[in-house]
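Asks:
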Amino acid sequence: MEIIEYAMQVAQSLIDMIAILAPSANGSTMNITRAGFDLACAIIGVTGIVHRASVWMQKERRQRKILRQHPHHAREL
Numbered sequence: 583m584e585i586i587e588y589a590m591q592v593a594q595s596l597i598d599m600i601a602i603l604a605p606s607a608n609g610s611t612m613n614i615t616r617a618g619f620d621l622a623c624a625i626i627g628v629t630g631i632v633h634r635a636s637v638w639m640q641k642e643r644r645q646r647k648i649l650r651q652h653p654h655h656a657r658e659l
């Protein structure tokens, strides 16, 4: 869950930075642009994919460790 919270914080920071760089017509600098929102969504998606890959790699590593220590468990995995 920590990675999702971190991704949300990163996305909000990016939205804020893009909003500052792209002021609206009336001079307000806190306008969330479509590009900023799309970028934030893409970052959240990529972060989710990286997180799932990390969990999968940890699972594989754990299974290899078990097999090295206890080869007779190979039938169970």
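Under the numbering used here, the first residue of the sequence shown is numbered 583, with each subsequent residue one higher.
Glycine residues also receive a C-beta, built at the ideal position from the N, C-alpha and C atoms.
Which term fits A635, buried or exposed, when burial requires 16 or more other beta carbons within 10 angstroms of its beta carbon?
Replies: Stepping through the sequence shown from its first residue, residue 635 is reached at position 53. A635 comes out exposed.
Asks: If you count every other CB in all the chains shown that lies within 10 Å of the CB of A624, and 16 or more means buried, which is it?
Replies: Residue 624 sits at position 42 when you count from the first residue of the sequence shown. Exposed: under 16 other Cβ atoms inside 10 Å.
Asks: Using the C-alpha atoms, what's the distance from E587 back to Q640?
Replies: Translated into the one-based positions of the sequence shown, residue 640 becomes position 58. Translated into the one-based positions of the sequence shown, residue 587 becomes position 5. C-alpha separation (whole angstroms): 20 Å.
Asks: Cβ atoms of M590 and I648: under 9 Å apart, would you say?
Replies: Working through the sequence shown from its first residue, we reach residue 648 at position 66. Working through the sequence shown from its first residue, we reach residue 590 at position 8. In this structure, M590 does not lie closer than 9 Å to I648 by Cβ.
Asks: By Cβ distance, which residues of its chain are closer than 6 Å to F619, with the 5 residues on each side in sequence left out?
Replies: Along the sequence shown, one-based indexing puts residue 619 at 37. No residues qualify anywhere along the chain.
Asks: DSSP three-state label for H652, please.
Replies: If you number the sequence shown from 1, residue 652 lands on position 70. Of the three classes helix, strand and coil, the one that applies to H652 here is coil, per DSSP.
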